[in-house]
Each structure stands twice: as C-alpha cells, then as structure tokens.
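Visitor: The structure follows.
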C-alpha cells in the first residue's frame, strides 16, 4: 500500500516536471516567433507582422506597397496574385478573379451568385452537386471553388509576411 502511494506521488511529480520543462521551452520559443495578421477586404488586403521587441509593421508587397489587391489570375501552370494579377485582367479577364469572397459557401440560387454573374459575365460559374456550392470554371480541366481561391490568397499573404520577416513561420 505504501509503495503504491509512493509510485503515484513519483508519477505525479514526473508529470509536473515534464510540464514545467515543456512550458519553459514554449516560453523560450515565443521570443523568436512572429505573429501575422491579415486585414482582408473585398478589394484589397493588408498584412501586418509583430516580431518580438518590434512594434507592429505593415508588410510591403513585391511592389513595395502596403495595400495588395485581392486579385488572382489562374492559368494552367501559373498563379499570379495582387498587382501582377490585376494587370493581367485586361489580357486575361476569364482567368482573373476578383470579388470572389461574395461567393464563399453560396449555392447556385443565391442572389449573390446571380449578381456576380451580372457583374462578371466573363467568369463561368459551375455548380458542385456534392458540396452544393458554385465554383469557377477557368478551362475544361481547371476549376476552383471560391474557398480554394481564398486559401491561395491567404497562402500568398503568408509568403509576403515570411519574406518581410526574413524567416519561415511554423505551419500550424
């Protein structure tokens, strides 16, 4: 009986010691991490970063601007974002997506989908019966849901923040 109580105390002590070591490692790691935030609007986005010991900074994009258009141009093997995608809209309007956030999770009969079709007749919208939502049909082989396009934009904002911070952020 005495030995089982003693074992329980030793196990409890070992757990507390392990938790203390993990907490100390986490606190030491937090001094080297940066935090990214994204202000995502319908037309543009701004990315900010906070590094330890440095006040919040707005990330500059590749054109050295603080504001980046939320525009994506999707070709067969290439993706363009921001200002470079916006400049391609004239030559490639069908593959250049803007204002797509209005379509997130929308079904085909939603008024936002009808309004999008009126505003952007060059975009071919398909319907995914499995998800019950619309998608962009870029070419016969290439189609993306608005959620996938938003994921690409957020991944691009992450790469802007990493370039600005000078190191890769851990993927969580």
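Residue numbers (mature numbering (1 follows the signal peptide of the UniProt record, and there is no 0)): -34 to -1, 1 to 138. Glycine included, each C-beta is placed from N, C-alpha and C at the ideal position. Just so we're clear, the structure is a prediction, and the values are computed from it rather than from any experiment.
#1: Within the continuous beta strand (DSSP E) that includes residue 64, where are the two ends?
#2: Count the other CB atoms within 10 Å of the CB of residue 77; is the residue buried (16 or more) or exposed (fewer)?
#3: In the DSSP output, which residue or residues are listed as bridge partners for residue -27?
#4: Tell me whether the stretch 122 to 136 and the stretch 89 to 107 touch, counting them as touching only if at least three CB pairs, one residue from each stretch, are closer than 8 Å.
#5: Counting only runs that start and end within the stretch 63 to 123, where is the beta strand (DSSP E) found for 3 or more residues in a row?
#6: By how many angstroms is the C-alpha of residue -2 removed from the C-alpha of residue 18?
#7: Starting from residue 46, follow its DSSP beta bridges and name the residues at the other end.
#8: For the pair the stretch 29 to 46 and the stretch 54 to 74, tell me if three or more CB-CB distances fall below 8 Å.
#9: With 16 other CB atoms within 10 Å as the buried threshold, where does residue 15 fall?
#10: Could you check the C-alpha separation between residue 32 and residue -20 for me, to the nearest Å?
#11: When DSSP builds the beta bridges, which residues end up paired with residue 14?
#12: Would you say residue 47 and residue 119 are within 8 Å of each other, going by their C-beta atoms?
#13: Provide the residue(s) that pair with residue 34 in DSSP beta bridges, ordered along the chain.
#14: Is DSSP giving residue 29 helix, strand or coil here?
Guide: This is what the structure gives:
#1: 62 to 64
#2: exposed
#3: DSSP lists no partner for residue -27.
#4: no
#5: 91 to 94, 99 to 103
#6: 7 Å
#7: 39
#8: yes
#9: buried
#10: 47 Å
#11: 3, 24
#12: yes
#13: 11
#14: coil
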